[in-house]
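*Asks:* The structure is given below, and queries will be raised subsequently.
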Amino acid sequence: MNEATVSCDTTRLSNQSTIYWQYNCDRIWLTLENKKKEKFVIDSVPPELYGYTYRLGYHLIKEFDSGLLFRSGCPANGPCIYTLINKYNGKVLDEFNQLICIEKSSNDSKYNFNFIVYFSANQSYLIINYLDKNKRLKIPFQEKLTAAVPEQQFDKMILDQYILTLQYYSDNGTPKALKINLADF
Numbered sequence: 078m079n080e081a082t083v084s085c086d087t088t089r090l091s092n093q094s095t096i097y098w099q100y101n102c103d104r105i106w107l108t109l110e111n112k113k114k115e116k117f118v119i120d121s122v123p124p125e126l127y128g129y130t131y132r133l134g135y136h137l138i139k140e141f142d143s144g145l146l147f148r149s150g151c152p153a154n155g156p157c158i159y160t161l162i163n164k165y166n167g168k169v170l171d172e173f174n175q176l177i178c179i180e181k182s183s184n185d186s187k188y189n190f191n192f193i194v195y196f197s198a199n200q201s202y203l204i205i206n207y208l209d210k211n212k213r214l215k216i217p218f219q220e221k222l223t224a225a226v227p228e229q230q231f232d233k234m235i236l237d238q239y240i241l242t243l244q245y246y247s248d249n250g251t252p253k254a255l256k257i258n259l260a261d262f
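According to the working numbering, the residues represented by the sequence shown are 78 to 262, in order.
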């Protein structure tokens, strides 16, 4: 397992907490250790699946002031699961089946936005979630996307000043753009 696909390096967070993977013969687990030296196991993978930890286990996408966004549970041909974790106590804050433009938002593979974007349950709204502000914006979305994973029809997310542009393709392949003035909210 020393040559497995997860890093055994410790990641230090802005609040002086750390996260790190460990393993033994019984399991592989991701630990959050806060500055009080309290330890919380926030993810685990059976050792027989160690070769799939890069798809199944938690991978840090973004550190927010109050939480951590992880990607996990990625099947070979479908969407991943995204989980927000409280970075002080390891508790799950929220979980999402798929986020919009999470993989396509920048060229340097880091998620540089201070919010996440996803569909409401019935896809009639886009939700912009500002975790650190404890604020969610609901933007009406009229077009019905019918792909198996509609979030994957979004191609790019650009923030210029206060204008958020979501570029996507309609079901017939027509490129479209939704512009949202975040200063209005």
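Every residue gets a Cβ at the ideal spot worked out from N, C-alpha and C, and that includes glycine. The structure displayed is predicted, hence computed values, not measured ones.
When burial is assigned at 16 or more other CB atoms within 10 Å of the CB, is residue 220 buried or exposed?
*Replies:* The residue in question, residue 220, is exposed, as its Cβ has fewer than 16 Cβ neighbours within 10 Å.
*Asks:* For the structure I just gave you, are there three or more beta carbon pairs, one from the stretch 114–130 and one from the stretch 186–204, closer than 8 Å?
*Replies:* No, because fewer than three Cβ pairs between the stretch 114–130 and the stretch 186–204 fall closer than 8 Å, the two stretches do not touch.
*Asks:* In angstroms with no decimal places, state the Cα-to-Cα distance between residue 242 and residue 125.
*Replies:* C-alpha separation (whole angstroms): 43 Å.
*Asks:* Ends of the alpha helix (DSSP H) at residue 133?
*Replies:* Start and end: 130–133.
*Asks:* Look up residue 118 in the DSSP assignment and give the residues it is bridged to.
*Replies:* BP columns for residue 118 point to 108.
*Asks:* Applying the 10 Å Cβ sphere with the 16-neighbour rule, what's the burial state of residue 274?
*Replies:* Outside the shown range of the chain, which is 78 to 262, sits residue 274, and nothing can be said about it.
*Asks:* Skipping 5 residues on each side, what residues in its chain have a beta carbon closer than 8 Å to that of residue 89?
*Replies:* Counting only Cβ-Cβ distances below 8 Å, and skipping sequence neighbours, we find 95.
*Asks:* Taking the DSSP output, what are the residues bridged to residue 174?
*Replies:* Residue 174 pairs with nothing; no bridge assigned.
*Asks:* For the stretch 202–246, which segments carrying the beta strand (DSSP E) assignment without a break, of at least 3 residues, lie completely within its bounds, in sequence order?
*Replies:* Qualifying beta strand (DSSP E) stretches, in chain order: 202–207, 212–217, 231–237, 240–246.
*Asks:* For residue 183, which residues in the same chain have their Cβ closer than 8 Å to its Cβ, ignoring the five residues on either side in sequence?
*Replies:* Residue confidence for residue 183 is low, a pLDDT of 44 falling below 50, so the modelled location carries little weight; the figure read from the coordinates is stated next. Counting only Cβ-Cβ distances below 8 Å, and skipping sequence neighbours, we find 189.
*Asks:* Taking the alpha carbon of residue 200 as the point to measure from, which residue in 167, 206, 86, 228 has its own alpha carbon closest?
*Replies:* When each option's Cα is compared against that of residue 200, the closest is 228.
*Asks:* Where does the unbroken beta strand (DSSP E) through residue 262 begin, and where does it stop?
*Replies:* Looking at the DSSP string, residue 262 is not in any beta strand (DSSP E), and its letter there is neither H nor E.
*Asks:* According to DSSP, what are the bridge partners of residue 100?
*Replies:* BP columns for residue 100 point to 105.
*Asks:* Can you give the beta carbon distance from residue 179 to residue 138, rounded, assuming they're within the 8 Å contact cut?
*Replies:* With 8 Å as the limit, residue 179 and residue 138 qualify as a contact, their Cβ atoms being about 7 Å apart.
*Asks:* Helix, strand or coil for residue 156? Go by DSSP, reduced to three states.
*Replies:* If DSSP states are grouped into helix, strand and coil, residue 156 belongs with coil.
*Asks:* For a test of the three-state rule: what should DSSP assign to residue 123, helix, strand or coil?
*Replies:* Of the three classes helix, strand and coil, the one that applies to residue 123 here is coil, per DSSP.
*Asks:* What does the alpha-carbon distance come out to for the pair residue 161 and residue 251?
*Replies:* C-alpha separation (whole angstroms): 33 Å.
*Asks:* Given a threshold of 16 other Cβ atoms within 10 Å of its Cβ, counted over all protein chains shown, does residue 164 qualify as buried or as exposed?
*Replies:* Buried is the call here.
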